[in-house]
Amino acid sequence: MKYVVDTSVILSGKDIPLTDEVYVPPSVLDEIKKGGRWYNKLKRLQAAGLKVVTPSGPCIEDVKKHSKKTGDFIRLSDTDVEVIALGLHLDAVILTDDYSIQNMARSMGISYRGMNMVEIKKEYRWGYRCAKCHRFYKEPADDCRICGGEIKTIRLTDD
Numbered sequence: 004m005k006y007v008v009d010t011s012v013i014l015s016g017k018d019i020p021l022t023d024e025v026y027v028p029p030s031v032l033d034e035i036k037k038g039g040r041w042y043n044k045l046k047r048l049q050a051a052g053l054k055v056v057t058p059s060g061p062c063i064e065d066v067k068k069h070s071k072k073t074g075d076f077i078r079l080s081d082t083d084v085e086v087i088a089l090g091l092h093l094d095a096v097i098l099t100d101d102y103s104i105q106n107m108a109r110s111m112g113i114s115y116r117g118m119n120m121v122e123i124k125k126e127y128r129w130g131y132r133c134a135k136c137h138r139f140y141k142e143p144a145d146d147c148r149i150c151g152g153e154i155k156t157i158r159l160t161d162d
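Right under this line is the structure:
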């Protein structure tokens with residue numbers, strides 16, 4: 004089995020199944036401070052077989068494009084995008100407790116599993132709406148063009 008792990012999994016303290024193939028994108032390494040407890044754990048994981056692989060450019064672009072459709076793009080860091088893209092690139096299971104990563108993986112047909120938390124059970128789509136006049140927007144904005152109200156991210160319903 005192939006797995007891609009995100010930073011939250013490394014920081015969780017849970018054992019990672021290194022009997023299988025386990026991968027991280029380089030940006031996960033960048034999120035862990037050098038010299039600390041988690042950095043030392045990361046180095047031990049690498050010595051035990053954790054592989055660092057850069058996802059392909061087309062996979063990264065696919066994830067970014069798809070995240071615009073679901074509305075997750077505002078919630079995803081560059082590292083999150085790389086984790087999802089690497090899961091897509093390697094056809095691997097993504098190990099993560101990050102619900103935005105899980106939502107994107109689910110939406111793109113990529114397998115995922117939580118480590119410390121229960122996985123999401125359904126896919127969510129996100130939209131943007133003025134808190135005052137309730138006008139909907141396709142893209143996030145600071146203020147409503149009509150009334151000046153604050154634009155909030157909302158979960159869209161299927162109905």
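So the number in our numbering is just where the residue sits in the sequence shown, counting from 1, plus 3.
Glycine included, each C-beta is placed from N, C-alpha and C at the ideal position.
None of the values given here were measured: they were computed from a predicted structure.
For this session: May I have a chain-ordered list of the beta strand (DSSP E) segments no shorter than 3 residues that lie completely inside the stretch 92-152?
Result: 96-98 and 128-133
Problem set entry | Extent of the continuous beta strand (DSSP E) run through residue 73 | That residue, residue 73, is in no beta strand (DSSP E); its alpha helix (DSSP H) goes 60-73.
Exercise. Any idea if residue 174 is buried or exposed, counting beta-carbon neighbours within 10 angstroms, 16 or more meaning buried?
Worked result: Residue 174 cannot be examined here, being either before or after the span of the chain that is shown, 4 to 162.
Problem set entry | Other residues of its chain near residue 15: CB distance less than 8 angstroms, five sequence neighbours each side excluded | 100, 118 and 119
Problem set entry | DSSP three-state assignment for residue 164, whether helix, strand or coil | Any answer about residue 164 is impossible in this case: the structure gives the chain only from 4 up to 162.
Problem set entry | Continuous alpha helix (DSSP H) stretch holding residue 46: start and end | 40-50
For this session: Would you mind working out which of 159, 42 and 131 sits nearest residue 148, comparing C-alpha positions?
Result: 131
For this session: Assuming residue 70 and residue 107 form a contact by the criterion Cβ under 8 angstroms, report the distance between their Cβ atoms to the nearest whole angstrom.
Result: 6 angstroms
Problem set entry | Rounded separation between residue 30 and residue 58 - CA only | 11 angstroms
For this session: Note the first and the last residue of the continuous alpha helix (DSSP H) segment covering residue 32.
Result: 29-33
For this session: Report the rounded CA-to-CA distance for residue 39 versus residue 22, giving the unit in angstroms.
Result: 25 angstroms
Exercise. Buried or exposed: where does residue 4 fall if 16 or more other Cβ atoms within 10 Å of its Cβ makes it buried?
Worked result: exposed
Exercise. Given a threshold of 16 other Cβ atoms within 10 Å of its Cβ, counted over all protein chains shown, does residue 133 qualify as buried or as exposed?
Worked result: buried
Problem set entry | Bridge partners - residue 78, DSSP secondary structure assignment | None, per the DSSP bridge assignment.
Exercise. Quick one: is residue 74 buried, meaning 16 or more other Cβ sit within 10 Å of its Cβ, or exposed?
Worked result: buried
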